[in-house]
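**Q**
2 protein chains.
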Amino acid sequence: MALSDGHQTSAPTELPLVLLHREPNFPVRFLPLLRSRYRILDPNEESDSDPKFLALSRSVRILLCWALFPVNSQILDRYPSVECVVATSAGLDHIDLAECRRRGIRVSNNSDIFSDDVADYAVGLLIDVLRRVSYGDRFVRAGLWPVKQEFPLGLKVGGKRVGIVGLGNIGLRIGKRLEGFGCIIGYNSRKPKPEIQYPYFSNILELAQWSDILILSCSSTTETFHIVDKNVMTALGREGIIINIGRGSLIDEKELCGFLVRGEIGGAGLDVFENEPYVPRELFDLNNVVLSPHKAAITTEAIEAIPEIVMKNIDAFFSNKPLLSEVSL
Amino acid sequence: MALSDGHQTSAPTELPLVLLHREPNFPVRFLPLLRSRYRILDPNEESDSDPKFLALSRSVRILLCWALFPVNSQILDRYPSVECVVATSAGLDHIDLAECRRRGIRVSNNSDIFSDDVADYAVGLLIDVLRRVSYGDRFVRAGLWPVKQEFPLGLKVGGKRVGIVGLGNIGLRIGKRLEGFGCIIGYNSRKPKPEIQYPYFSNILELAQWSDILILSCSSTTETFHIVDKNVMTALGREGIIINIGRGSLIDEKELCGFLVRGEIGGAGLDVFENEPYVPRELFDLNNVVLSPHKAAITTEAIEAIPEIVMKNIDAFFSNKPLLSEVSL
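First to last, the sequence lines map onto chains D and H.
Plus 1 on top of the position in the first sequence (first one is 1) and you've got this note's numbering.
Plus 1 on top of the position in the second sequence (first one is 1) and you've got this note's numbering.
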């Protein structure tokens, strides 16, 4: 067989090999598109004991991690030649980054696709908690408007001091949006960002003391585990509101429930939880919380944009070019 | 009794007379403040047949209209000396403006206090409908997340074409906020506004054809009655979304319900209805609508700001100065 011209369709065996790492039966709408470009190795569809599959597993150099399926050392042991993990998600706490660093594995994520959507959702949750949008919807659907007439007043968005924890791609976009509403922005992050005009707080406790509303948009790491604890909630105060579009592990959820139930903080808008899909039952009866099934990052349009960035990262890897969205380990 | 110095407390009979026009028992938190400044004539508290009350009714020059209690020719007949109506609301469709004009009565409203809150709420409803915030909250509270796992994808806010009907105080503020989300704004109003960069559509049908989302922020008048009819909904199309923070009468609600139930438009966020507090029951089962008990304008902070602007208008009237927020009749 003659070497194929780059413009012609290659035979399947000549396509670059990519491991598709996904939860069993997790739908991947773009699989036909991926299969047209790569030879997809899918453990869901092949037998673990098939010698051909085992040989490919040992030689595959790139792991495409779909959604939030964990990548840990046990998984990486199965694919010892992997040099690069391409994640479809923005957050990476399902991927053992320390282990990747130790093994010299590069990681790319998809943050730019999702950042706008996450920021939009954070603002939506903030308006919802302050102005009681979901609560009002519940009130109307329950037929209570003609009965009770009066609905409790909400709070103004403008003029509120909003403390953003983690001023990365997402946090910056949240700030930009909230400026349009007349909010006053402050932030906490590992280091102050000299190019940013917002006041910087070197620790979250000081930020919470200053803020009316705290928005969590930082990564989930060992340093940020339970970064919002009892002390931060106390500093935020009885009127304070917490919005979490980061990860559930950022908040001591048990403490948060206690503070909310006892009325020791003002409210919360939560897209993420410590033990998803399980949400603490005691929150179900509260009208000052908005509960959301981890969907800040996901829109139809963002999902449709995934294959392009995924394929650009894969192609960059195989062409020995810099990854499009490489994560600094 | 000597003439009192302006800095000393006047005797009650010397305070300027103001008629408080409110729904029976409607709470007016600031009544003590008002009473400290004016002699308040309150039909709720006095007998219609009391000759003293009747005499004051015939001489009172200013009517303070609280919330949305109607002012029509029948009411104005009772108070034949009224020269000025001070409304606490932003919208004025409860006040017969034509009749006021005919009688030479000036009218002031409170639009500037509420405009930011209404604009915030419009954006909140828009994010909610696109991103399914209230629906997600219902989904979690119903305990469905662990059962169904998957929640339907929402739609991206950025890049959407938003047609604003009525680019006044509120519409402009909505546009400004949505620019921060990357929306593309167009508008319809009586006349194009040369200082505005957004594309102008001389009729709502063309605007609806262009728009992904239509936001109603115009006044309710005879010209705007059912401005969103069957033709506009058809032009908006199956994916189109309507946000109404104006008045219920702007939409042919019966048609809207039909379009929503049959899936002939994409969704709606409705703060106002034709027959409040009654909301069409067929909307209660739809997940692509957000229903709200007419509260876009009302926040704790806005309510607290009412007395200042009300008193400034009353004082301006008695000092023969221009009203602070006079409505052009």
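Cβ atoms here follow ideal geometry from the backbone N, Cα and C, with glycine treated the same way.
#1: Report the neighbours of residue 304 of chain D on chain H: residues whose CB is nearer than 9 Å to its CB, in chain order.
#2: Three-state secondary structure (DSSP) at residue 68 of chain D?
#3: Are the C-beta of residue 201 of chain H and some C-beta of chain D separated by less than 7 Å?
#4: Which term fits residue 152 of chain D, buried or exposed, when burial requires 16 or more other beta carbons within 10 angstroms of its beta carbon?
#5: Using a cut-off of 7 Å between C-beta atoms, extract the partners of residue 147 of chain D located in chain H.
#6: Based on the DSSP output, what are the partners of residue 188 of chain D in its beta bridges?
#7: In the structure shown, what three-state DSSP assignment does residue 300 of chain D receive?
#8: Name the chain H residues whose beta carbon is nearer than 8 Å to that of residue 122 of chain D?
#9: Compare the C-alpha of residue 34 of chain H against each of H/330, H/325, H/324 and H/306 and name the closest.
#10: Just reading off the beta strand (DSSP E) that residue 107 of chain D is part of, what are its end residues?
#11: How long is the line joining the alpha carbons of residue 187 of chain D and residue 119 of chain D, rounded to whole angstroms?
#12: When you compare each of D/191, D/213, D/185 and D/206 to residue 222 of chain D by their alpha carbons, which one comes out closest?
#13: Since residue 88 of chain H is in the alpha helix (DSSP H), which residue starts that stretch and which ends it?
#14: Mark residue 109 of chain D as exposed unless 16 or more other C-beta atoms lie within 10 angstroms of its C-beta, in which case mark it buried.
#15: Would you mind sorting residue 321 of chain H into buried or exposed? The rule is 16 or more other CB atoms within 10 Å of its CB.
#16: Should the segment 126 to 135 of chain D be regarded as contacting the segment 264 to 279 of chain D, the criterion being three or more beta carbon pairs within less than 8 Å?
#17: Between residue 32 of chain H and chain D, is the shortest Cβ-Cβ distance under 7 Å, so that the two count as touching?
#18: Does the beta carbon of residue 174 of chain D come closer than 7 Å to any beta carbon on chain H?
#19: Considering only their Cβ atoms, is the gap separating residue 245 of chain D from residue 284 of chain D smaller than 7 Å?
#20: From the DSSP output, in three-state form, read off residue 248 of chain D for me.
#21: Are the beta-carbon atoms belonging to residue 91 of chain D and residue 115 of chain D less than 7 Å from one another?
#22: Hey, is residue 311 of chain D's beta-carbon within less than 7 Å of any beta-carbon in chain H?
#23: Tell me which residues share the same chain as residue 94 of chain D and place their Cβ nearer than 6 Å to its Cβ, disregarding the 5 neighbours each side in the sequence.
#24: Mind checking residue 143 of chain D: buried by the 16 CB within 10 Å criterion, or exposed?
#25: Can a CB atom of chain H be found closer than 7 Å to the CB of residue 308 of chain D?
#26: Comparing the C-beta of residue 296 of chain D with each C-beta of chain H, is any distance below 7 Å?
#27: Over what stretch of residues does the alpha helix (DSSP H) that includes residue 130 of chain D continue unbroken?
#28: Is the segment 135 to 150 of chain H in contact with the segment 166 to 175 of chain H, if contact means three or more CB pairs nearer than 8 Å?
#29: Assuming the contact rule is C-beta atoms closer than 8 Å, residue 155 of chain H and residue 296 of chain D should be a hit. Round their C-beta distance to whole Å, please.
**A** Reading from the atomic positions:
#1: 154
#2: coil
#3: no
#4: buried
#5: 278 and 279
#6: D/165 and D/201
#7: strand
#8: 128, 132 and 134
#9: Among H/330, H/325, H/324 and H/306, the Cα nearest to that of residue 34 of chain H belongs to H/306.
#10: 107 to 109
#11: 19 Å
#12: D/191
#13: No alpha helix (DSSP H) holds residue 88 of chain H; the beta strand (DSSP E) holding it covers 85 to 88.
#14: buried
#15: exposed
#16: Taking 8 Å as the limit for Cβ pairs, the verdict is that the segment 264 to 279 of chain D does touch the segment 126 to 135 of chain D.
#17: For residue 32 of chain H, the closest Cβ of chain D is not nearer than 7 Å.
#18: It does not: the Cβ of residue 174 of chain D has no partner Cβ on chain H nearer than 7 Å.
#19: Cβ distance not < 7 Å, so residue 284 of chain D and residue 245 of chain D don't count as in contact.
#20: coil
#21: yes
#22: no
#23: 221 and 248
#24: So residue 143 of chain D ends up on the exposed side.
#25: no
#26: yes
#27: 112 to 132
#28: no
#29: 7 Å
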